[in-house]
Amino acid sequence: MLPNSDVLVLHRDWFSVCPNCYTPSPQRRNATHKEALRARLEQFLNMDE
């Protein structure tokens, strides 16, 4: 089953600081189409786990 929305949730799918050490992210950029497709494919294939 696919999620109802593709909205990113802060602290679950998207982080404004490092989740391990809580330091601010030094750089940000949008994911490329290839990176986004790969992430969605990995999520889809790992849904059965």
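Residues in the sequence shown are numbered consecutively from 1, following UniProt numbering.
Just so you know, even glycine gets a beta-carbon here, dropped at the ideal spot from N, CA and C.
This structure is a prediction, so every number in the text was calculated from the model and none was measured.
Residue i - partner residues in DSSP beta bridges
i	result
V17	P24
L8	None, per the DSSP bridge assignment.
N- and C-terminal bounds of the alpha helix (DSSP H) containing residue i
i	result
A36	H33 to L45
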